[in-house]
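S.K.: Letter by letter, the sequence shown follows residues 1182 to 1235 of the working numbering.
Please read through the structure below; I'll follow up with questions.
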Amino acid sequence: ARFDPVDQDAVAIATPDDPALDDMVKATFQVGYRFRGTAIRPAKVQVWSVDGSL
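Here's what the structure looks like:
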């Protein structure tokens, strides 16, 4: 899935070999929670980033 800063908190970044993976979630460390459409706690995720930034 594509990284969404509203619902996810990037806690780690990885550099992919394939540029198509840029801004995609690599791993989820902690599940986030939503209540009635509002993010209560964002998920803690690792994100693929070609240039090493978000």
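Ideal Cβ positions, reconstructed from N, Cα and C, are used throughout, including at glycine.
These numbers come from a predicted model, not from an experiment.
To the nearest angstrom, report how far apart residue 1190 and residue 1228 are at their CA atoms.
M.R.: Taking the straight line joining both Cα atoms gives about 9 Å.
S.K.: Under 8 Å, do residue 1183 and residue 1204 count as touching if we go by C-beta distance?
M.R.: Yes, Cβ-Cβ distance for residue 1183 and residue 1204 is below 8 Å.
S.K.: Considering only DSSP beta bridges, list what residue 1190 is partnered with.
M.R.: Answer is 1225, bridged to residue 1190.
S.K.: Taking the CB atoms as reference points, tell me whether residue 1187 and residue 1210 lie closer together than 8 Å.
M.R.: It is not a contact, given that the beta carbons lie outside the stated cut-off.
S.K.: Looking at the secondary structure, which residues open and close the beta strand (DSSP E) in which residue 1210 lies?
M.R.: First-last of the beta strand (DSSP E) with residue 1210: 1206-1211.
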